[in-house]
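Take 1 as the starting number for the sequence shown in the numbering used here and just add one per residue. Backbone N, C-alpha and C fix where the C-beta goes; we use that ideal spot for every residue, glycine too.
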Amino acid sequence: MAGRMDGKVVVITGAARGQGRAHAVRLAEEGADIIAVDICESIPTVVQYGGATPEDLQETVKLVEAHGRRIIAEQADVRDLARLKEVVNSGVSELGRLDGVVANAGIEIFKAWDKFTEQEFRDVIDINLVGVWNTVMATAPVLVDADSGGSIVLISSGNGLKGGPFNLPYTASKFGVTGMGKTFAAELGKHRIRVNTVHPGPVDTEMSRHIAPYFGEIAAGNEALLATYANFHPEDAMDPAEISHAVLYLLSDESTWTTALSMAV
Numbered sequence: 001m002a003g004r005m006d007g008k009v010v011v012i013t014g015a016a017r018g019q020g021r022a023h024a025v026r027l028a029e030e031g032a033d034i035i036a037v038d039i040c041e042s043i044p045t046v047v048q049y050g051g052a053t054p055e056d057l058q059e060t061v062k063l064v065e066a067h068g069r070r071i072i073a074e075q076a077d078v079r080d081l082a083r084l085k086e087v088v089n090s091g092v093s094e095l096g097r098l099d100g101v102v103a104n105a106g107i108e109i110f111k112a113w114d115k116f117t118e119q120e121f122r123d124v125i126d127i128n129l130v131g132v133w134n135t136v137m138a139t140a141p142v143l144v145d146a147d148s149g150g151s152i153v154l155i156s157s158g159n160g161l162k163g164g165p166f167n168l169p170y171t172a173s174k175f176g177v178t179g180m181g182k183t184f185a186a187e188l189g190k191h192r193i194r195v196n197t198v199h200p201g202p203v204d205t206e207m208s209r210h211i212a213p214y215f216g217e218i219a220a221g222n223e224a225l226l227a228t229y230a231n232f233h234p235e236d237a238m239d240p241a242e243i244s245h246a247v248l249y250l251l252s253d254e255s256t257w258t259t260a261l262s263m264a265v
């Protein structure tokens, strides 16, 4: 039986682990070939959890190849537009086309509003917001030139729809991604390129597992605000694959009239 992504090529940033890896594997299951990008190193200002490693990215490669799909995996920083363009153009040249993009790379620093340093604030904005802009700027021109449509999925957050206490730069960056997605959708629509944002709630990833233990300490004296992060489900966090199912729909031909959507999962 044909897969929902047969013959398609997708760029994914932050693909070494967590949601990015889950997206790569789910799309490969449905027939996609992957251009996987990850910085594969820790960010100095992010001390609550460690960054992905080259070994993590190679594990993503193995998992994608286990489904019989091709994957090109490169280390790149989403803050470096020139490097992203190089990776995308090289990958498209080798795999023959580009159909979809998942701008997934991001970081989080969990602190009270008055505890952030200027560098911490800038790092979150530069990776989570400017990095998403860079990802679109490295890929959308390829889709436009190909003149065959395409789909771009920007991974925002539940905190890109509602404010997240103790998470100021992250929330600012994710609201920015939400708005950017709608503007890109409007302007790229004439090329039959759709742009949507996905807004995950709590997801069981390396990042969230290591940040959660800090919640009580950071929220001391203001613990009621943590209710903002509560879920309708009884479980504390979902498997990353739950987000991948939404990404799959938005990249597949099932969603060719879906654009400028903010999809909360």
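- When rounded, the separation of the alpha-carbon atoms in Val265 and Glu86 is 33 Å.
- The C-beta distance from Val102 to His23 rounds to 5 Å, short enough to meet the 8 Å contact threshold.
- Taking 8 Å as the cut-off, the beta carbon of Pro165 is found closer than this to the beta carbon of Leu225.
- Annotation for Gly150: the continuous beta strand (DSSP E) segment containing it runs Gly150 to Ile155.
- Around His191, the same chain offers Val144 as residues with beta carbons nearer than 6 Å, after the five sequence neighbours per side are excluded.
- Residue state for Ala103 is assigned as strand, using DSSP reduced to three classes.
- A residue is called buried when at least 16 other Cβ atoms come within 10 angstroms of its Cβ; Met1 does not meet this threshold and is exposed.
- With fewer than 16 other Cβ atoms inside 10 Å of its own Cβ, Phe232 counts as exposed.
- Less than 8 Å separates the beta-carbon of Leu84 from that of Ala138.
- A straight-line Cα-Cα distance of about 17 Å links Met5 and Ile72.
- For Met263, the enclosing beta strand (DSSP E) has its first and last residue at Ser262 to Ala264.
- Annotation for Glu74: the continuous beta strand (DSSP E) segment containing it runs Ile71 to Gln75.
- Taking C-alpha positions only, His67 is separated from Glu29 by approximately 6 Å.
- In the DSSP assignment, His199 falls within the unbroken beta strand (DSSP E) covering Ile193 to His199.
- The way I'd put it, the region 42 to 51 does touch the region 206 to 225; three or more beta-carbon pairs between them come closer than 8 Å.
- For Val10, the enclosing beta strand (DSSP E) stretches over residues Val9 to Thr13.
- Around the Cβ of Ala230, a 10 Å sphere holds fewer than 16 other Cβ atoms; the residue is exposed.
- Rounded to the nearest angstrom, the gap between the Cα atoms of Glu59 and Gly14 is 13 Å.
- Contact between Ile35 and Gly91 holds: their C-beta atoms lie close to 4 Å from each other, under 8 Å.
- Note that the C-beta distance between Thr259 and Asn196 is below 8 Å.
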